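Numbering (numbering that gives the first Met the number 0), first residue to last: 0 to 247.
Note that the Cβ used here is the ideal one computed from N, Cα and C, for glycine as well.
None of the values given here were measured: they were computed from a predicted structure.
Encoded as structure tokens, the structure appears first; notes follow it.
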Amino acid sequence: MLNYYVNTIQGKDGDHLGDHVDKLFRLGQKMELPDGRIFRYCSAGESLIASTLQQSPVVHADYLDEASSTHAIDTNNFTLSTTTQAEAANAFQDGYLTYENADQLGGAAFIDRHGIIASGSPGTANGIIRGGVRWPVAVATAKKINQLKNTWAEIEQCDSPETSTLAGVVNFAIVSGDWGWCQTMGVCSCLVEGTVIAGQEVRAGETTDGSVTAMNYDEAGVADYGPIGRVVEVAASTEFGLIYLTVE
């Protein structure tokens, strides 16, 4: 099943619930329910509380601006590199590989698989990008390479304010290290912070982890976090209200 990556699973009511001890789909797999709600397959970096907002973990500095090895044009291989951080084989599977340098044309690809990255200065591992994709230009040594895990890998309850990419809302408690579904679009229940107004926009909470709060475009700085949905049903602060989620 893991080698078959359909565009969108047409799920049925209830498919989005449950804690999966075993991985059933690739990270980021999209599922749509009959009423239009959309979910993404995720792994839990910590125990996740139902009806709370989640985010990707903050990207480790060892994954960014690393020196690349040489890749020939029209090949699908790469070498991952970290300064000192060790990683298990396929820790970045379904994640993203990007080059920052202008002469590499901003090359970006999905990671299909890779070997163990041993700790060292640097630690390295060979890997393959997703099938059918080839590098459009040759890559020279010592170019800036970034390797990032999938947006829905090892997600955690959203910080207040958010500190990384928003992943969505889980509808069911998921134990740390397990897998499940994270909602990105449609009506859902979510923890509320402060006073919200029916029909108006919400953003990630400012003081309560995992919550949403009213979008205030007049509030200096905080408005920059951007809206993630609209209020369907008003709930009191610290309770759970209905939100039309628009993370997707």
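Per the C-alpha coordinates, the member of G167, Q146, E232 and N125 positioned closest to L52 is G167.
Per DSSP, the unbroken beta strand (DSSP E) holding M184 starts and ends at W178 to E192. A219 carries a coil assignment under DSSP once its states are collapsed to helix, strand and coil. Segment contact: the stretch 202 to 220 against the stretch 174 to 186, fewer than three CB-CB distances shorter than 8 Å; contact not assigned. Taking C-beta atoms as the reference points, A85 and G176 fail to come closer than 8 Å. At a Cβ-Cβ threshold of 8 Å, I128 and N75 count as neighbours. Non-local beta-carbon contacts of G130 in its own chain, meaning distances under 8 Å to residues more than five positions away in sequence, involve N75 and D111 in chain order.
Note that the C-beta distance between L244 and Q199 is not below 8 Å. Secondary-structure assignment with DSSP links F239 through a beta bridge to L190.
Taken through DSSP and simplified to helix, strand or coil, A66 comes out as strand. The DSSP assignment places complete beta strand (DSSP E) segments of no fewer than 3 residues inside the stretch 99 to 156 at 107 to 113, 122 to 128 and 143 to 147, in order along the chain. Shortest Cα-Cα distance from A108 to any of N149, D217, A234 and D12 involves N149. Of all alpha-carbon atoms in T7, L32 and K11, the one lying nearest the alpha-carbon of L26 is that of T7. Under the three-state reduction of DSSP, A60 is assigned to helix.
Rounded to the nearest whole angstrom, the CA to CA distance from V136 to N100 is 12 Å. Taking a C-beta distance under 8 Å as the contact criterion, V201 and F239 do not qualify as a contact pair. Within the DSSP secondary-structure output, S42 pairs in a beta bridge with W178. Your pair G193 and S236 checks out as a contact, with CB atoms roughly 5 Å apart and the cut at 8 Å. Under a 10 Å Cβ-count criterion, L32 is classified as buried, with 16 or more other Cβ atoms of the shown protein chains found around its own Cβ. C41 is the residue among G35, C41 and K29 whose C-alpha sits nearest the C-alpha of E153. Contact check for L165 against V246 passes: the beta carbons are separated by less than 8 Å. If you ignore the 5 residues before and after G10, its C-beta comes within less than 6 Å of the C-beta of M30 and L32, all in its own chain and listed in chain order. Looking at the DSSP output, Y95 bridges to F109 and L147. With respect to the 8 Å criterion, A139 and T82 are not classified as neighbours on the basis of their beta carbons. Under DSSP, M30 shares a beta bridge with I8 and F38.
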